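Residue numbering for the sequence shown follows our numbering, beginning at 462 and increasing consecutively.
All C-beta atoms in this analysis are idealised placements derived from N, C-alpha and C, irrespective of residue type, glycine included.
Being a predicted model, the structure only gives us computed values, none of them experimental.
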Amino acid sequence: MTKTDPTPSGTMAAVPAVLLAHHLKQLKLPTILREHEKVAREAARDGLDHVRYLLRLVELELLDRERRVVERRIREARFPAVKSFDTFDFAAIPGLNKMLVLELARCEYVARRENVIALGNSGTGKTHAALALGLAACQRGFSTLFVTAHALSSQLMEARDEKRLLKLQAQLQNVKLLIVDELGYVPLSQVGAELLFEVFSQRYERGSIIVTSNLPFEEWPTVFRSERLTGALLDRLTHHVHILEMNGESYRLKQSAGRRRPASVEQNTPPGAGQDAVAAPAQDDPAAPSNLPS
Ligand code: ADP
Ligand code: MG
């Protein structure tokens, strides 16, 4: 007597797989869900026992999870572009202390709640360096926020008008690294300057700040509209600070000068004859942020 299966063949066999997929989704283990069949085939091929099979899967999930967390931190940092020191040409700015920059890229100053100020004329890589330090901080587990001084003071004024200043201030306090770019490019309003001062003051010894500015400290009073406020601000900001001196030739200008030069001249120039910066690959990577999953 043959026993007949009440369900069409294959249907019952699929149930455990469906349940497993459901449970893995609920447990938020997308990598195990995606990889378990492939890894099972590999485990069978390599003769791995079930503990090693499970270990391999769990390790994959952990690696992926760390990558996803870093990507989220990078998205939340709101970098206008993702740049790193891999694409930074130190030879183009000989006045910059490379050792200090590479030391800062290890982010120990963030753990120590120290500050960084990058000073120099336009186009010398201050924003690039700040972005690269921000990226390094995200990769090393520090929450980061990038904003220009002008945008930040506008956001603060708007928040004050809309009675949500305390909330914004708390958000700005919560990040481990706050990057304030382009201080000095646009003069701040009196209120904007005071609100910005308050942010810096609230972070004093509580969280790191990176400031980039085209203005030497002597000219900061024109940005903050007050000697007294600037004095108090610099006092706090520079108490634990690493200064990056970034005065030099504009990298942008050098690049566009290189592009304007006739091709025949470029071909006749021996490699390395002062052309390094011009020959460096394009630094902007506008595609980078959109590569991140949303
Ligand atoms: P700054 O903020 O000092 O005005 P940026 O960081 O915006 O200058 O630099 C202008 C452009 O030149 C950017 O595209 C930047 O990536 C590039 N750049 C500047 N300095 C360097 C450098 N030393 N190596 C590689 N790229 C650089
Ligand atoms: Mg800049």
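So, for Arg697: in the same chain, excluding its five sequence neighbours on each side, which residues have a beta-carbon less than 7 Å away from its beta-carbon? Phe661, Ser662 and Tyr665
I'd like to know whether the C-beta atoms of Glu537 and Ser615 end up nearer to each other than 8 Å. no
For Met473, count the other beta carbons within 10 Å of its own beta carbon; 16 or more makes it buried, fewer makes it exposed. Which is it? exposed
Beta carbon of Lys587: closer than 7 Å to some heavy atom of the ligand MG? yes
Which stretch, first to last residue, makes up the alpha helix (DSSP H) that contains Thr588? The continuous alpha helix (DSSP H) containing Thr588 extends over residues Lys587 to Gln600.
Under 8 Å, Cβ to Cβ, is there at least one residue of chain B near Val702? The question asks about chain B, but that chain is absent: this structure has only one protein chain.
Starting from Ala579 and walking both ways along the beta strand (DSSP E), at which residues does that stretch end? That run of the beta strand (DSSP E) goes Asn576 to Leu580.
Any chance you could list the alpha helix (DSSP H) runs of at least 4 consecutive residues sitting entirely within the stretch 608-675, in chain order? 610-622, 626-635 and 651-664
Can you check DSSP and say which residues form a bridge with Glu706? Per DSSP, Leu580.
Sequence-distant residues of the same chain with beta carbon closer than 7 Å to Gln600, five excluded per side: Val531
Does DSSP put Thr548 in a helix, in a strand, or in coil? helix
Report the option in Leu694, Arg567, Glu680 and Asn675 whose CA atom is closest to the CA atom of Gly709. Asn675
Would you check whether the ligand ADP has a heavy atom nearer than 7 Å to the C-beta of Phe549? yes
Under the DSSP definition of a beta bridge, which residues are partnered with Leu694? Leu694 is not bridged to any residue.
Rounding to the nearest angstrom, what Cα-Cα distance links Phe685 and Glu623 in this structure? Distance between the alpha carbons of Phe685 and Glu623: 23 Å.
Give a single yes or no on whether Thr673 has its beta carbon closer than 7 Å to a heavy atom of the ligand MG. yes
Please confirm if the stretch 579-596 is in contact with the stretch 542-561, defined as three or more CB-CB distances below 8 Å between the two stretches. yes
C-alpha distance - Gln487 paired with Met707, whole-angstrom precision: Each residue's Cα considered, the two are about 51 Å apart.
Looking only at DSSP bridge pairs, what is Thr605 linked to? DSSP, once it has assigned bridges, lists Leu638 as partnering Thr605.
Less than 7 Å separating the Cβ of Ser614 from some heavy atom of the ligand ADP? no
Does Arg509 come out as helix, strand or coil in the three-state DSSP assignment? Here residue 509 is Leu; the residue named in the question, Arg, does not match the sequence. If DSSP states are grouped into helix, strand and coil, Leu509 belongs with coil.
Candidates His483, Ser650, Glu575 and Ala572: closest to Glu619 by CA position: Ser650
Touch test, the stretch 509-525 against the stretch 553-570, Cβ-Cβ under 8 Å, three pairs minimum: As far as the Cβ criterion goes, the stretch 509-525 does not touch the stretch 553-570, which means the pair count is below three.
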